[in-house]
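For reference, the structure is listed below as C-alpha cells.
Protein chains: 2
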Amino acid sequence: MAINQQLCLQRRPSGEVCKEDFFLRETDIPDLEDGQFLVRNEYISIDPAMRGWIQDQESYFPPVQLGEPMRGLTVGRIEASRHPSYSVGDLATGMLNMQTYAISDGFQIRKVDPDIAPPPAWLGGLGMPGITAYFGLLDIGRPMKGDTVVVSAASGAVGSIVGQIAKNLGCRVIGIVGSDKKSKYIVEELGFDAAINYKSEPIGLALSDLCPEKIDVYFDNVAGKALDSILPFMKKFGRIPLCGMISIKPGEPARLDNFFALISNSIRLQGFVMSDYVPKIKMAVDELKAWHQSGQLIFKEDVRTTHLENFPEVINDLFSGKNEGKLVMKLSND
Amino acid sequence: MAINQQLCLQRRPSGEVCKEDFFLRETDIPDLEDGQFLVRNEYISIDPAMRGWIQDQESYFPPVQLGEPMRGLTVGRIEASRHPSYSVGDLATGMLNMQTYAISDGFQIRKVDPDIAPPPAWLGGLGMPGITAYFGLLDIGRPMKGDTVVVSAASGAVGSIVGQIAKNLGCRVIGIVGSDKKSKYIVEELGFDAAINYKSEPIGLALSDLCPEKIDVYFDNVAGKALDSILPFMKKFGRIPLCGMISIKPGEPARLDNFFALISNSIRLQGFVMSDYVPKIKMAVDELKAWHQSGQLIFKEDVRTTHLENFPEVINDLFSGKNEGKLVMKLSND
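Going down the list, the protein sequences come from chains A and B.
Numbers in this note's numbering are just positions in the first sequence, counted from 1, shifted up by 68.
Numbers in this note's numbering are just positions in the second sequence, counted from 1, shifted up by 68.
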C-alpha cells in the first residue's frame, strides 16, 4: 500500500533555509470518504512567499507550525476519487502541500488542462504568479495605453507576466533584472522595451536615461534599494503595487531615503496578495489562457526533478537569482 | 510712502532652521495695474511643510530660491484695489509669502469672513490644514461609521481636524500626541475617544489595549517610528493617508521594520498634498465652515505676535511640539 511522504518543518530558519530546518515523515494514506479524492503530487511550486510562511509572524496565511507539512501549491494526478466532479487520471492544482499524496474535497482546487499549457505552467503563468501579476497590475497599477510601467524581478514568475500584460495593453515596459542574460531574455523573447541590469548599473542613472517622462506604474517584487531608487522617478499620482520583498531578508528593516517622494508626488503604494481576489480568479485565468493561446503571453518554467528533501537548495536558488522563469520542483520517482 | 519688508532665503539650512538662514530686504511697492490689489499681511501661517520648501529638492512646489522671499500662506487686509471683486478693507487669504505687503491679481485667493471665524482660523481649520485633513481623511482614508481611526500629531493643525471629522462621521478615534496636556486636550475638548502620549508609553503597547479589533484608517502626519509601530495593527485593507513626515528630518531615511505588513494586510499607503484637490477646495471649506458653525468642529490657534525675522524660532516650536493648535505669526506693528 502507498505511503505518503511529507516534508515537515523541524525548526524555523534563521537566515538561509537549510536542510536541517525540515524532516521527512512517512504516514499512511487514510481511506477516502464520500466527496474526497486522492491526488499524487507531481509538481510543487517554489515561491518567494514560502520563506515568509515559515517565519513565526502573522501574515495573510497563518505560519506553518513546527511538525506540520510545508505549505505549497502543487499539480498532481488523481489516483482515486469519491468526488462526483473529479475522476481518476484528471490533473488538478491547489494548495496540496509538500507531500507525495494529498486528499482533497475540491475546495480551492482547479482542474489542469494540459492541452492549454503543460502542468508546470499551471503553477506559473496560469497559477499563483500569473494571477498575482494580473490583479496587481490591473487592479492596483491601473496602467493606461501609453503609460510607462517598470517591473522588478522582471524575468521571474510574476515579473515576466506583469511586463507582458503591460505590453499587451500598449504600455512602454522596462524590466529590472540581475544579469545581462536576463536583460536579453526579457527584451528579445518577452518583448519588453528595455531592461536594466541592477548589478551592472545604478537603477537611478538608468532610469534618468530611459524614463525622461517618468514612471506611471512601478510593480514592485523586491522592495529595498530598487523601490528607493525608483521613488524619485515616479510620476505625480503614480501607482506602486507592492507584491513582494524578495530583496529584504526576514527581520531586516526597509530603509527608504526617498520616502518623501510618496507625498511630494502623491503616490499610492499598495500591498496585496492573490487571495484578496479569490472570487475573481477564474476571470483572470481565462484571460491569461486566452493571451497564452494567442501567443501574446509566453510562460517559462525552470523545472528541477528531485526529491522533497532537496527543497531548501531549490528555494535558495530563487533568492540568489539562479532560476530562469518560474521555479518548480518535479517529484522524482526514483 | 509704504515700504515692503520681505524675509528672504539667505542659505539653505542644515539641521534646524536658524536666523542666519534668512535676511530682511526692503523694497518699494510698485503701483497697481488694472485687475490688481494690494494686501497688507496681518497673519502668516507656520507649517511643517515650510522646512521642505527651503530644501534644494524637487517636490510638489519648486524650492524657494536663494534671495527670494520665503513662501507662506497669509491673511491680510486689502489697502488698495484696482480689482472689481476685491475692495479696500476686505480680508483675503492666499500664498502671499513672508512679507508685509503683497500685490495679487486674485489667483488662488479666497476672501475671509471674520464673522464665520477669526482671521487666524482661515490659516488653520478653514485653511490649508483643514482642507488637507478633509481630503486626506475622506478621499484617501475613506472611513465608514464605526471604523477605528488613528491620527498622529493629533493636537496639531491637521490632526485635530482629522479626528473631529472622523468623530462627526461616527468613527472611534484615537490620537497620538507628545504630552499629557495634549492627551487631555484632544479627549476632553475635542471629543477623541482616547489618546496615546508616545513619550510616556510605547505606541504598540497602547494600541494592543486600545484597538483589539485593529485599525481601519491611520492618518499619518509624522512617518518614522509612529508609522512603523502602527503598521502591525492595521486591519486587512486598511488605508494610510500619508500627509506629513514631521518626525523625519530632511535627509534622514525612513526605516520601517514592519514594512511587510503592507503586503500581509493589503494596506494602501498613499501620499497627497492639498494642491491635488484645488478644484474642490470650495466644497471642503463650505463643509468645514458648516461643522464649525454648528459647534462640531473646534479650531484652536497659537498666535505669536512678532516680527518677520523671528520666523526661525517660531517654526522650530512646531518641530519640538511646543505649539498648541495651529501655529500662526501675527505681524507686529511696533
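Ideal Cβ placement from N, Cα and C applies to all residues, glycine included.
Everything numeric in this text was worked out from a predicted model, so none of it was measured.
**Report entry** Where proline 182 (chain B) falls, given that 16 or more other Cβ within 10 Å makes a residue buried
**Finding:** The sequence position of residue 182 (chain B) within the second sequence is 114, counting from 1. Exposed is the label assigned to proline 182 (chain B), since fewer than 16 other Cβ atoms lie within 10 Å of its Cβ.
Requested in this report: Indicate whether at least one CB of chain B lies closer than 8 angstroms to the CB of arginine 323 (chain A).
Outcome: In the first sequence, the residue the question calls residue 323 (chain A) occupies position 255. Look at arginine 323 (chain A): its C-beta is under 8 angstroms from a C-beta on chain B.
**Report entry** Sub-8 angstroms separation of leucine 205 (chain A) and phenylalanine 287 (chain A) beta-carbons
**Finding:** Residue numbering aside, residue 205 (chain A) sits at position 137 when the first sequence is read from its first letter. Residue numbering aside, residue 287 (chain A) sits at position 219 when the first sequence is read from its first letter. Cβ distance < 8 angstroms, so leucine 205 (chain A) and phenylalanine 287 (chain A) count as in contact.
**Report entry** Beta-carbon proximity of histidine 107 (chain B) to tyrosine 169 (chain B), cut-off 8 angstroms
**Finding:** Your numbering for residue 107 (chain B) matches position 39 in the second sequence. Your numbering for residue 169 (chain B) matches position 101 in the second sequence. The question names histidine, but residue 107 (chain B) is valine in the sequence shown. Yes, Cβ-Cβ distance for valine 107 (chain B) and tyrosine 169 (chain B) is below 8 angstroms.
Report task. Quick one: measure Cβ to Cβ for valine 285 (chain B) and proline 211 (chain B), integer angstroms, because I've assumed they're closer than 8 angstroms. Result -> By 1-based counting over the second sequence, the position of residue 285 (chain B) is 217. By 1-based counting over the second sequence, the position of residue 211 (chain B) is 143. With 8 angstroms as the limit, valine 285 (chain B) and proline 211 (chain B) qualify as a contact, their Cβ atoms being about 5 angstroms apart.
**Report entry** Strand pairing of tyrosine 111 (chain B), partner residues [DSSP]
**Finding:** Residue 111 (chain B) sits at position 43 when you count from the first residue of the second sequence. In DSSP, tyrosine 111 (chain B) forms a bridge with B:Val143, B:Lys398.
Query raised in the report: Thinking just about the alpha-carbon of each residue, which of B:Ser343, B:Thr200, B:Pro116 is nearest to the one in aspartate 385 (chain B)?
Result: Stepping through the second sequence from its first residue, residue 385 (chain B) is reached at position 317. Minimum Cα distance to aspartate 385 (chain B) is reached at B:Pro116.
**Report entry** C-beta contact flag for glutamine 33 (chain B) and arginine 139 (chain A) at 8 angstroms
**Finding:** Residue numbering for chain B in the displayed model covers 69 to 402; residue 33 (chain B) lies beyond these limits and cannot be assessed.
Query raised in the report: isoleucine 171 (chain A) bridges to which residues according to DSSP?
Result: Along the first sequence, read from residue 1 onward, the residue named residue 171 (chain A) stands at position 103. Paired residues: A:Leu106.
Requested in this report: Keeping to the same chain, check which residues put their C-beta closer than 6 angstroms to that of leucine 278 (chain A); ignore five residues upstream and five downstream.
Outcome: Within the first sequence, numbered from 1, the residue matching residue 278 (chain A) stands at position 210. Excluding its 5 nearest sequence neighbours in each direction, leucine 278 (chain A) has C-beta neighbours in its own chain below 6 angstroms: Ile242, Ala262, listed in chain order.
Query raised in the report: From the DSSP output, which residues share a beta bridge with asparagine 265 (chain A)?
Result: Mapped onto the first sequence, residue 265 (chain A) falls at position 197. Note: asparagine 265 (chain A) is bridge-paired with A:Val245 in the DSSP secondary-structure output.
Query raised in the report: chain A beta carbons: is any one of them nearer than 8 angstroms to that of tyrosine 128 (chain B)?
Result: Numbered from 1 along the second sequence, position 60 holds the residue referred to as residue 128 (chain B). Yes, tyrosine 128 (chain B) lies at the interface with chain A (some Cβ there is under 8 angstroms from its Cβ).
Query - Interface flag, methionine 196 (chain B) vs chain A, CB-CB below 8 angstroms - result: Numbered from its first residue, the second sequence carries residue 196 (chain B) at position 128. Under the Cβ criterion of 8 angstroms, methionine 196 (chain B) is not counted among the residues facing chain A.
Query raised in the report: Taking 8 angstroms as the CB-CB cut-off, is alanine 291 (chain A) touching chain B?
Result: Locating residue 291 (chain A) in the first sequence gives position 223, counting from the first residue. Contacts with chain B at 8 angstroms (Cβ-Cβ) include alanine 291 (chain A).
Report task. Taking lysine 213 (chain A) as part of the beta strand (DSSP E), name the residues at either end of that continuous run. Result -> If you number the first sequence from 1, residue 213 (chain A) lands on position 145. Lysine 213 (chain A) -> no beta strand (DSSP E), and no H or E assigned at all.
Query raised in the report: Taking C-alpha atoms, which residue in A:Ile271, A:Leu273, A:Val245, A:Ser268 lies nearest to phenylalanine 260 (chain A)?
Result: The sequence position of residue 260 (chain A) within the first sequence is 192, counting from 1. With distances taken between Cα atoms, phenylalanine 260 (chain A) lies closest to A:Val245.
Requested in this report: Under 8 angstroms between beta-carbons, which chain A residues line up against valine 132 (chain B)? List them in chain order, please.
Outcome: Position 64 of the second sequence, counting from 1, holds the residue named residue 132 (chain B). Here the premise fails: no neighbours, minimum Cβ distance about 15 angstroms.
Query raised in the report: Going by DSSP, which residues form a beta bridge with phenylalanine 287 (chain A)?
Result: Counting from one through the first sequence, the residue named residue 287 (chain A) turns up at place 219. Answer is A:Val219, bridged to phenylalanine 287 (chain A).
**Report entry** Any 3 or more C-beta pairs closer than 8 angstroms across the region 90-104 of chain A and the region 374-382 of chain A
**Finding:** With a cut-off of 8 angstroms, the region 374-382 of chain A and the region 90-104 of chain A count as touching, because enough Cβ pairs lie within range.
Report task. Anything in chain A within Cβ reach of leucine 106 (chain B), meaning under 9 angstroms, just list it in chain order. Result -> Reading the second sequence from its first residue, position 38 is the one you call residue 106 (chain B). What leucine 106 (chain B) touches in chain A: nothing, since even the nearest Cβ is about 33 angstroms away.
Query raised in the report: With a cut-off of 8 angstroms, does the C-beta of glutamine 232 (chain A) fall near any C-beta of chain B?
Result: As a working mapping, residue 232 (chain A) is identified with position 164 in the first sequence. So no, glutamine 232 (chain A) is outside the interface.
Query raised in the report: Which residues share a DSSP beta bridge with aspartate 96 (chain B)?
Result: As a position in the second sequence, residue 96 (chain B) is number 28, starting the count at 1. For aspartate 96 (chain B), the beta-bridge partners assigned by DSSP are B:Ile71.
Requested in this report: Report the rounded CA-to-CA distance for glutamine 361 (chain A) versus tyrosine 111 (chain A), giving the unit in angstroms.
Outcome: Residue mapping note: residue 361 (chain A) aligns to position 293 of the first sequence, counting from 1. Residue mapping note: residue 111 (chain A) aligns to position 43 of the first sequence, counting from 1. The alpha-carbon atoms of glutamine 361 (chain A) and tyrosine 111 (chain A) are separated by roughly 22 angstroms.
Requested in this report: Identify, in the order they occur along the chain, each residue of the same chain with its Cβ nearer than 7 angstroms to the Cβ of tryptophan 359 (chain B), setting aside the five sequence neighbours on each side.
Outcome: Position 291 of the second sequence holds residue 359 (chain B). Closer than 7 angstroms at Cβ, skipping near neighbours: Asn236, Leu365.
Query raised in the report: Which bits of chain A does methionine 313 (chain B) rub up against, with CB to CB less than 8 angstroms?
Result: Position 245 of the second sequence, counting from 1, holds the residue named residue 313 (chain B). Within chain A, the residues near methionine 313 (chain B) are Phe327, Phe328, Ile331.
Query raised in the report: If we count the other Cβ atoms within 10 Å of its Cβ and call it buried at 16 or more, is glutamine 406 (chain B) buried or exposed?
Result: A question about residue 406 (chain B) goes unanswered here, because the residues of chain B that appear run from 69 up to 402.
Query raised in the report: What residue range is occupied by the uninterrupted alpha helix (DSSP H) comprising lysine 235 (chain A)?
Result: Looking up residue 235 (chain A) in the first sequence gives position 167. Note, lysine 235 (chain A): alpha helix (DSSP H), 227-236.
Query raised in the report: Just how far apart, CA to CA, sit tyrosine 253 (chain A) and methionine 302 (chain A)?
Result: Indexing the first sequence from 1 puts residue 253 (chain A) at position 185. Indexing the first sequence from 1 puts residue 302 (chain A) at position 234. Taken atom to atom, the span from the alpha-carbon of tyrosine 253 (chain A) to that of methionine 302 (chain A) is near 25 angstroms.
Report task. Inspect the beta-carbon positions of methionine 342 (chain B) and isoleucine 199 (chain B) and report whether they are closer than 8 angstroms. Result -> Looking up residue 342 (chain B) in the second sequence gives position 274. Looking up residue 199 (chain B) in the second sequence gives position 131. Closer than 8 angstroms, so yes.
**Report entry** In chain order, each alpha helix (DSSP H) run of at least 4 residues that lies wholly inside the region 323-388 of chain A
**Finding:** Every alpha helix (DSSP H) stretch that sits fully inside the region 323-388 of chain A and reaches 4 residues is listed by chain position as 329-332, 349-361, 379-387.
Requested in this report: Would you mind giving the Cβ-Cβ distance between alanine 189 (chain A) and glutamate 369 (chain A), rounded to the nearest angstrom? I have them listed as a contact below 8 angstroms.
Outcome: If you number the first sequence from 1, residue 189 (chain A) lands on position 121. If you number the first sequence from 1, residue 369 (chain A) lands on position 301. With 8 angstroms as the limit, alanine 189 (chain A) and glutamate 369 (chain A) qualify as a contact, their Cβ atoms being about 6 angstroms apart.
Query raised in the report: Can you tell me whether arginine 79 (chain B) is buried or exposed, with buried defined as 16 or more other CB within 10 angstroms of its CB?
Result: The residue given as residue 79 (chain B) occupies position 11 in the second sequence. Exposed, by the Cβ-count rule.
Query raised in the report: By the criterion of Cβ-Cβ separation under 8 angstroms, what are the contact partners of glutamine 361 (chain B) in chain A?
Result: As a first step, residue 361 (chain B) must be located in the second sequence, where it is residue number 293. Near glutamine 361 (chain B) there are no residues of chain A at all, since even the closest Cβ is about 31 angstroms away, more than 8 angstroms.
Requested in this report: Keeping to the same chain, check which residues put their C-beta closer than 6 angstroms to that of glutamate 147 (chain A); ignore five residues upstream and five downstream.
Outcome: Position 79 of the first sequence, counted from the start, is the residue given in the question as residue 147 (chain A). Hits under 6 angstroms: Leu106, Arg108.
Query raised in the report: Roughly how many whole angstroms lie between the Cα atoms of serine 220 (chain A) and valine 156 (chain A)?
Result: The count along the first sequence starts at 1 and reaches residue 220 (chain A) at position 152. The count along the first sequence starts at 1 and reaches residue 156 (chain A) at position 88. Rounded to the nearest angstrom, the gap between the Cα atoms of serine 220 (chain A) and valine 156 (chain A) is 41 angstroms.
Query - Test: aspartate 344 (chain A) CB closer than 8 angstroms to a CB of chain B - result: Residue 344 (chain A) sits at position 276 when you count from the first residue of the first sequence. Taking Cβ atoms only, chain B reaches closer than 8 angstroms to aspartate 344 (chain A), which makes this a yes.
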